[in-house]
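Residue numbering for the sequence shown follows my numbering, beginning at 130 and increasing consecutively.
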Amino acid sequence: MKITSVEFVRSIVSPQEIIQDNLNQIAFSGRSNVGKSSLINCLLNRKKIAKTSSTPGKTRQLNFFKINNQFYFVDLPGYGFAKVSKKESAQWRNLIEGFFIQNQKLAGVISIIDSRIGPTELDLQLLNWIKSLNITLILVATKSDKLSRSVLKNNLDKYNKQIESLYKTSIIPFSVINRTGKKEIWREIITLLGQD
Ligand code: GTP
Ligand code: MG
Numbered sequence: 130m131k132i133t134s135v136e137f138v139r140s141i142v143s144p145q146e147i148i149q150d151n152l153n154q155i156a157f158s159g160r161s162n163v164g165k166s167s168l169i170n171c172l173l174n175r176k177k178i179a180k181t182s183s184t185p186g187k188t189r190q191l192n193f194f195k196i197n198n199q200f201y202f203v204d205l206p207g208y209g210f211a212k213v214s215k216k217e218s219a220q221w222r223n224l225i226e227g228f229f230i231q232n233q234k235l236a237g238v239i240s241i242i243d244s245r246i247g248p249t250e251l252d253l254q255l256l257n258w259i260k261s262l263n264i265t266l267i268l269v270a271t272k273s274d275k276l277s278r279s280v281l282k283n284n285l286d287k288y289n290k291q292i293e294s295l296y297k298t299s300i301i302p303f304s305v306i307n308r309t310g311k312k313e314i315w316r317e318i319i320t321l322l323g324q325d
C-alpha cells in the first residue's frame with residue numbers, strides 16, 4: 130500500500146474516548162516490549178510515529194493513527210509487564226475490553242508474538258477472547274532476525290500447531306531489522322479492510 134499520510138490523532142486512557150467514526154480500525158496487540166510500535170512504524174515507513182523503547186511498558190495508552198484518511202492503526206498498550214500495579218492492570222483490562230467489545234469499526238487485530246518465545250499464556254488468553262468475540266486475527270511472529278532460518282521454521286511449525294484449534298491462520302514471520310514479512314502483513318491488512 131502506498132502511504133500518503135499518517136496522522137497521530139489521539140491517545141486515550143478510557144474506553145469512553147474511543148474514536149467511533151466511519152473509518153475501519155486495525156489494532157496491534159501483544160506483550161509489552163514484543164515490538165508492536167516497531168511493526169507499526171515499519172508498515173508506515175516512519176521512523177518514530179509510534180514510540181518505541183527498550184524499556185518495557187512504554188505504550189500505556191491506546192494510540193490512534195489515521196492512515197491515508199482511510200483507516201486507523203491502533204497501538205494497544207502491552208500486557209504482561211511485571212512492574213505494573215494491580216490498579217494499572219485493572220485499568221488496562223477495562224480499556225482493552227471496552228475497545229474490543231464496543232468497537233463497531235474494528236476490522237481485525239494483529240496479534241504479535243516473539244518468534245523466540247511463541248504464544249505465552251497471556252497471548253493465548255487474548256487469542257481465545259478475541260476469537261469468542263468473532264474478531265478476525267492476523268498473527269505475526271516478530272524479531273525473526275534473532276533466529277537462524279532452521280530454528281525459525283521449527284518454531285513457527287510448533288506455534289502454528291499450538292494455535293490451530295483456535296485460528297486457522299498461519300503465523301507470519303517478521304523482522305523490523307530486515308523487513309521480512311512486511312509485504313505479507315500488508316496483503317492481509319488490505320484483505321481485512323476490503324471485507325467491510
Ligand atoms: P510497549 O509499548 O512497551 O508495549 O512495547 P512494544 O511492543 O511497542 O515494543 P517496541 O516496538 O517498543 O520494541 C521493543 C524493543 O524491541 C525495542 O528495543 C525494539 O528496537 C526491539 N525490536 C522490535 N522489533 C524488533 C525486531 O524485529 N528485531 C529486533 N532485533 N528487535 C526488535
Ligand atoms: Mg509500544
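We put the beta carbon where it would ideally sit given N, CA and C, even for glycine.
Small disclaimer: the values here were computed from a predicted structure and weren't measured.
Against chain D, with Cβ distances strictly below 9 Å, would residue i count as a contact?
i    : result
T271 : No chain D is part of this structure, which consists of one protein chain only.
Going by beta-carbon coordinates alone, are residue i and residue j separated by less than 9 Å?
i    : j    : result
S240 : K275 : no
T249 : I242 : yes
I301 : V280 : no
K195 : V135 : yes
F210 : N162 : yes
F202 : F157 : yes
R119 : V138 : As shown, the chain starts at 130 and ends at 325. That puts residue 119 outside it, with no answer to give.
L266 : L253 : no
N174 : I132 : yes
G237 : G159 : no
Quick one: grab the DSSP three-state call for residue i.
i    : result
L276 : coil
S240 : strand
K216 : helix
L173 : coil
Mind checking residue i: buried by the 16 CB within 10 Å criterion, or exposed?
i    : result
D204 : buried
L262 : exposed
D150 : exposed
W315 : exposed
N223 : exposed
Q231 : exposed
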